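Input: a single structure, listed below in structure tokens.
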Amino acid sequence: MFGVGSLVLLTLAQAQGAQQRAYLELAQAALLNPVTREELSAAVLSPEGIAGIRELFDQSIGRSVNVSATPVSPELGGESILDAGQIVWIAYPDPIHPVVRETLDRKQDPAKLLEFLETTTDGRWLLTHTGGLHALLYQMSAAPSTNDQRELLDTVLGRMVEQHFKTWSTDPVIQARMIEQTEWRGRYVGFWHIHPPRLKDSSTVEGIEPSMADMQNALQLGQFLTIVFQPDGFDLYDLSPLAALGRVDLSEVEIIRHRSEPWKRHFDTKLSIALGLP
Ligand SMILES: [Zn+2]
Numbered sequence: 007m008f009g010v011g012s013l014v015l016l017t018l019a020q021a022q023g024a025q026q027r028a029y030l031e032l033a034q035a036a037l038l039n040p041v042t043r044e045e046l047s048a049a050v051l052s053p054e055g056i057a058g059i060r061e062l063f064d065q066s067i068g069r070s071v072n073v074s075a076t077p078v079s080p081e082l083g084g085e086s087i088l089d090a091g092q093i094v095w096i097a098y099p100d101p102i103h104p105v106v107r108e109t110l111d112r113k114q115d116p117a118k119l120l121e122f123l124e125t126t127t128d129g130r131w132l133l134t135h136t137g138g139l140h141a142l143l144y145q146m147s148a149a150p151s152t153n154d155q156r157e158l159l160d161t162v163l164g165r166m167v168e169q170h171f172k173t174w175s176t177d178p179v180i181q182a183r184m185i186e187q188t189e190w191r192g193r194y195v196g197f198w199h200i201h202p203p204r205l206k207d208s209s210t211v212e213g214i215e216p217s218m219a220d221m222q223n224a225l226q227l228g229q230f231l232t233i234v235f236q237p238d239g240f241d242l243y244d245l246s247p248l249a250a251l252g253r254v255d256l257s258e259v260e261i262i263r264h265r266s267e268p269w270k271r272h273f274d275t276k277l278s279i280a281l282g283l284p
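Going by my numbering, the first residue of the sequence shown is number 7, and it counts up by one from there.
Below, the structure is given as structure tokens:
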């Protein structure tokens with residue numbers, strides 16, 4: 007998933023810094039001469055391309071949080087360029103994920119947690135977009151909390167992590183900052199995000215295919231690469247045909263697939279460690 011609601015793409019009039027101008031030049035050049043399916047496929051399936059995507063899933067697993075026995079790994083996303091035949095994934099921090107982590111860290115003190123969430127924009131957003139959290143924290147702040155309430159809080163926080171880690175979003179402030187921090191060269195490809203593995207007790211389940219929201223975003227953005235984890239590789243969905251088509255239809259989407267034994271061995275080990283298996 008991807009939250010594009012608050013995303014405003016930069017326009018030339020707003021571009022302040024040198025890198026913002028370089029970004030816009032690249033993006034405009036891509037409209038006239040987009041990266042082709044063949045170029046994208048060659049870059050993604052090169053040894054460097056596969057290693058780069060493996061690294062994205064490694065990072066996501068490394069940032070997992072453990073709420074109710076099973077770790078949940080966050081979606082990552084950003085924008086991408088093709089530089090000398092190599093695909094470069096520029097990751098943008100999600101505005102909500104850090105608030106989710108801090109909420110977990112502060113759960114022992116419901117009154118202070120509620121105060122923390124109510125005093126920031128992202129905190130207030132999280133309160134209104136996590137079912138049951140606001141009312142429960144309010145109750146727990148009013149009187150010493152019971153065991154039942156603490157158990158319920160763990161359940162609500164578990165759902166909060168599931169819901170918000172399985173979405174990657176960005177906003178205009180983060181996008182502008184990251185654009186200025188990046189050296190834009192080569193050719194512009196587009197937005198991307200990953201669908202990480204879903205971990206269930208002792209098994210690894212593949213990531214989910216692009217959602218309706220992902221495809222609607224691709225209609226607006228022109229491209230929204232969705233890289234879906236598989237236990238033995240990945241499926242990279244090139245959603246760019248949807249913008250030309252003018253409608254959402256997964257059967258029109260091109261998939262670049264990778265499957266390999268080394269990948270499977272790498273993630274079997276990595277996920278066993280993450281799950282705490284012998
Ligand atoms: Zn998605």
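Each residue gets a CB set at the ideal place from its N, CA and C atoms; glycine is no exception. No experiment lies behind these values; they were computed from the predicted model shown.
Counting along the chain, no alpha helix (DSSP H) covers R263; the unbroken beta strand (DSSP E) around it starts and ends at 260-265. G252 and L142 have their C-alpha atoms some 43 Å from each other. For L242 against L231, the beta-carbon gap comes to about 6 Å, under 8 Å, which counts as contact.
Here DSSP, grouped into helix, strand and coil, assigns R271 to helix.
With respect to the C-alpha of D128, the residue from D111, T176, L159, S257 having the closest C-alpha is T176. If you look at L159, you'll find it in the alpha helix (DSSP H) that goes 153-171. When DSSP reads this structure, G83 sits in a beta bridge with H199. Looking at the DSSP output, N223 sits in no beta bridge, so it has no partner there. Listed in chain order, the non-local C-beta contacts of E186 below 7 Å within the same chain comprise G23, Q25, Q26, local neighbours out to five positions each way being set aside. Counting the other CB atoms within 10 Å of its CB gives T134 a total below 16, which places it among the exposed residues.
The continuous alpha helix (DSSP H) containing G129 extends over residues 127-134. Distance from the CA of E124 to the CA of A148, rounded to the nearest whole angstrom, comes to 16 Å. At the C-beta level, E85 and F171 stay beyond 8 Å of one another. When DSSP states are grouped into helix, strand and coil, R253 belongs to the coil group. Annotated three-state conformation of L46 is helix, per DSSP. In the displayed model, Y98 falls within coil according to three-state DSSP, outside both helix and strand. Closest in C-alpha terms to G58, from the list D244, S79, I233, comes I233. Per DSSP, G228 lies in no alpha helix (DSSP H) segment and is marked neither H nor E. Judged by DSSP in its simplified three-state form, V105 adopts helix. For P216, the CB falls within less than 7 Å of some heavy atom of ligand 1. Residues D128, G129, L132 of the same chain have their beta carbon placed closer than 7 Å to that of V105, with the five preceding and five following residues left out of the count. Contact check for L120 against K113 fails: the beta carbons are separated by 8 Å or more. Taking a C-beta distance under 8 Å as the contact criterion, S66 and I200 qualify as a contact pair.
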